[in-house]
Amino acid sequence: MSIEHRQKKWWKEGIVYQIYPRSFKDSNGDGIGDLQGIISKLDYISSLGIDIVWLNPIYTSPNDDNGYDISDYYSIMPEFGTMQDFDVLLNGLHQRNIKLLMDMVVNHTSDEHFWFQEARKSRTNPYYNYYHWWPAENGAPPKRFSFFDEVSNAWKFNEATNSYYLHYFSVKQPDLNWENTEVRQEVYKIMKFWLDKGVDGFRLDVISFISKDISFPEIPIHYNNDFSRYYADGPYLHKYLQEMNREVFSKYDGMSVGECVGVQSDNALSFVDADIKELDMFFHFDSVNYGYTKNEFKRPDKNGWKLGGFKEIFTKWNDVFAEKGWGSIYLGNHDQPRMVSRWGNDAPEYREVSSKLLLTFLLSMRATPYIYQGDEIGMANIKFDSIDDYRDIESINMYAQIKKQGGDLKEFLESQKITARDNARTPLQWNAELNAGFTRGVPWIKINADAPYVNVADQEKDENSVLNYFRRMVLLRNQSPALIYGDYELIDKENEQVYAYTRMWNNEKLIVVLNFTNEVVQFSMPADFLHRGTIIMNNYNQVGFNYHNILEPYQAVILQKPAINI
Ligand code: NOJ
């Protein structure tokens, strides 16, 4: 069979668990999670059954954007520990057969990186061309949007050089000039340094933005003010990704997953078709942006979101890779609110069951699943009332912007309860004790008040907890080629309550049935499963999925068809 997606690869079969080090576990009482904290929980991580850990950035950084502003790529952020700690962590993971994916941030550096410190001194400095500049004598720079700027302006004036530097993110995150060969060589050197240490690959931060048209024209009208789409359309993006593959990835068995903000499904294959040799897979944003108002900052659509639209997005992204390439799937991470609050239901009576439903979904689709820390126990949004509780530059600067414009701050704070990144950055809840067992000091961000009811220790003791359900679901996926590689077929497309699909591989056929509502619903089972399937997964332990095919609120079941004997 020559269909490429059926070529087996460890990164297609692996389940990724994402660790946000700042909020995972603090070992020294300074209120900030650290590497020793992660080391102390290696057995827990391993008990989940996952195969790959993705670690958010741990390099030296002034933390303007929690580590996404790197000032030294070759050292560990002192708050997190030392290089020795890192080596212990890497060994500890490898001993447990878990691979390590590092976060690599090379669209920009910190303004405190030596390169930028030099670059900003004068136009003749050898590092000046490591970054993008607009000379002031040419007048005001063309409009470029910045994600974390109080006035959304991506150009910042620098007096010593009488020019503006480009920063798609905060003023402390100047964009690197990939047009400069030296910059690219430096980046590859950094990557090789970590791969030589034994890490197993990279999650490449906003990699779709690295190439810029350095004549900085006005943004063509057909982009319709969608800056992300324009930024992801740089003229040499594919050339750089191919070069990176040639110079770095082809020399190791490492995996690459790009954060491809702005990339649409119609050109997805041009990034991950194995013949082109660029990336192994990437994160798209269609699903996490679904249900937000277009071209507005993370404002939930007043009409909510519809299951039909949700299905359409995931089906489209499955189909793109039907014959070539490979996808990733996630419903939450450190940049998104908690998945149960966004896509499930975090009311006390539904939090557990809807968390299980979402985990069933993530682990039964054809794409590498990425599970964010805390989602394995069903953690929910913290929903801060005051801007003073926020730590994230994105929320803080957007608040300042709205305030300056005399906008509706109350409405903004309400929408942040649903969409803010800090919702997912509160510490992992280990137990019902002081600070949820995260730290003996003062936590860097508040801990969710539900910790006494939502924590690892309690869930360890409960066979039916979200945590133990997650472990069973991981096991099932690991044992089922149909769930990993099998064909996906959407059933009953128009159904606005139930998301159902089959997965088929050789003579194994499964059906996944997910009731996304808080109501009891009836589902018409397709003929070949009617009265014939064996239930192999069910998030309601007492309630079977009976012959009338009645689904309880947020019920998730997987049925297996008796094997066809050929
Ligand atoms: C994406 C990262 O995931 C996010 O946390 C960060 O703020 C931006 N890229 C900028 O690096």
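In terms of numbering that gives the first Met the number 0, the sequence shown opens at residue 0 and continues consecutively.
Every residue gets a Cβ at the ideal spot worked out from N, C-alpha and C, and that includes glycine.
Owing to the predicted nature of the structure, the values given are computational and were not obtained by experimental measurement.
#1: DSSP on A346, reduced to helix/strand/coil?
#2: Note down, one range per segment and in chain order, each beta strand (DSSP E) of at least 3 residues found wholly within the region 76 to 150.
#3: Throw me the rounded Cβ distance for the F208 and Y167 pair, which I believe falls under 8 angstroms.
#4: Looking at C-alpha atoms only, which residue of D33, V150 and E488 is the closest neighbour of I401?
#5: State buried or exposed for A346, treating a residue as buried only when at least 16 other CB atoms are found within 10 Å of its CB.
#6: For S1, count neighbouring C-beta atoms within 10 Å of its own C-beta (all shown protein chains included) and say buried if the count is 16 or more, exposed if not.
#7: So what's V520 in DSSP terms, helix, strand or just coil?
#8: My output table needs one value for G488: the three-state DSSP class, helix, strand or coil.
#9: Along the alpha helix (DSSP H) that carries S269, what are the first and last residues, could you check?
#10: Less than 7 angstroms between C-beta atoms, sequence neighbours within five positions excluded: which residues of the same chain meet that for L306?
#11: Return the CA-CA distance between M76 and E185, expressed in angstroms with no decimal places.
#12: Taking the CB atoms as reference points, tell me whether I535 and L475 lie closer together than 8 angstroms.
#13: Answer yes or no: the CB of E518 versus the heavy atoms of the ligand NOJ, is any distance below 7 angstroms?
#14: Are the region 418 to 435 and the region 158 to 176 in contact at 8 angstroms, needing three or more beta carbon pairs?
#15: So which of E277, Y371, N517 and L482 has the shortest CA-CA distance to V352?
#16: Would you be able to state if there are at least three C-beta pairs under 8 angstroms between the region 51 to 61 and the region 97 to 105?
#17: Kindly provide the ranges of any alpha helix (DSSP H) runs that are 4 or more residues long and lie completely inside the region 446 to 488, ordered along the chain.
#18: When the Cα of P140 is compared with those of F147, Y129, N128 and A153, which residue comes out closest?
#19: Three or more C-beta pairs under 8 angstroms: does that hold for the region 274 to 281 against the region 238 to 258?
#20: Rounded to whole angstroms, what is the Cα-Cα separation between A450 and L236?
#21: How about D334: is its Cβ closer than 7 angstroms to a heavy atom in the ligand NOJ?
#22: What did DSSP end up calling A337 once you bin it into helix, strand or coil?
#23: What residue range is occupied by the uninterrupted alpha helix (DSSP H) comprising E413?
#24: Hey, N454 and T425: beta-carbon distance below 8 angstroms or not?
#25: For T123, does the count of other Cβ atoms within 10 angstroms reach 16, so buried, or fall short, so exposed?
#26: Would you decide whether T359 is buried or exposed? Buried here means 16 or more other CB atoms lie within 10 Å of its CB.
Let's see:
#1: If you number the sequence shown from 1, residue 346 lands on position 347. Reduced to three states, the DSSP call for A346 is coil.
#2: 98 to 103 and 132 to 134
#3: Stepping through the sequence shown from its first residue, residue 208 is reached at position 209. Stepping through the sequence shown from its first residue, residue 167 is reached at position 168. At roughly 6 angstroms, the Cβ-Cβ gap stays under 8 angstroms, so F208 and Y167 are in contact.
#4: Taking the sequence shown and counting its residues from 1, one reaches residue 401 at position 402. Among D33, V150 and E488, the Cα nearest to that of I401 is on V150.
#5: What you label residue 346 is simply residue 347 of the sequence shown in a count that begins at 1. When all chains shown are included, A346 counts as exposed.
#6: In the sequence shown, counting from the first residue as 1, residue 1 sits at position 2. Because S1 carries a pLDDT of 40, less than 50, the predicted location of this residue cannot be relied on, and the following value inherits that uncertainty. Exposed.
#7: Taking the sequence shown and counting its residues from 1, the one referred to as residue 520 is at position 521. In the structure shown, V520 sits in a strand (DSSP, three-state: E or B).
#8: Locating residue 488 in the sequence shown gives position 489, where the first residue counts as 1. It is Glu, not Gly, that sits at residue 488 in the sequence shown. E488 falls in the strand class under three-state DSSP.
#9: Here residue 269 is taken as the residue at index 270 of the sequence shown, counted from 1. From DSSP, the alpha helix (DSSP H) with S269 extends over L268 to V271.
#10: Here residue 306 is taken as the residue at index 307 of the sequence shown, counted from 1. Closer than 7 angstroms at the Cβ level, and outside the excluded window around L306, lie E495, Q496, Y498 and F515.
#11: Position 77 of the sequence shown, counted from the start, is the residue given in the question as residue 76. Position 186 of the sequence shown, counted from the start, is the residue given in the question as residue 185. Computed Cα separation, rounded: 20 angstroms.
#12: Locating residue 535 in the sequence shown gives position 536, counting from the first residue. Locating residue 475 in the sequence shown gives position 476, counting from the first residue. In this structure, L475 lies closer than 8 angstroms to I535 by Cβ.
#13: Within the sequence shown, residue 518 is the residue found at index 519, counting from 1. No.
#14: no
#15: Counting from 1 along the sequence shown, the entry for residue 352 is found at position 353. Cα-wise, what sits closest to V352 is N517.
#16: yes
#17: 455 to 460, 465 to 478 and 480 to 484
#18: For the purposes of this step, residue 140 is identified with residue 141 of the sequence shown, where counting begins at 1. Looking at the Cα atoms, A153 is the closest of the given residues.
#19: yes
#20: Counted from its first residue, the sequence shown places residue 450 at position 451. Counted from its first residue, the sequence shown places residue 236 at position 237. C-alpha separation (whole angstroms): 44 angstroms.
#21: By one-based count along the sequence shown, residue 334 stands at place 335. D334: yes, Cβ under 7 angstroms from the ligand NOJ.
#22: Taking the sequence shown and counting its residues from 1, the one referred to as residue 337 is at position 338. Checking the sequence shown, residue 337 turns out to be Arg, not Ala. Of the three classes helix, strand and coil, the one that applies to R337 here is coil, per DSSP.
#23: To locate residue 413, count along the sequence shown from 1; it is residue 414. Segment L408 to T418, the alpha helix (DSSP H) holding E413.
#24: On the sequence shown, residue 454 is found 455 positions in, with the first residue counted as 1. On the sequence shown, residue 425 is found 426 positions in, with the first residue counted as 1. It is not a contact, given that the beta carbons lie outside the stated cut-off.
#25: Within the sequence shown, numbered from 1, the residue matching residue 123 stands at position 124. Burial call: exposed.
#26: To locate residue 359, count along the sequence shown from 1; it is residue 360. By the neighbour-count rule (16 or more Cβ atoms within 10 Å), T359 is buried.
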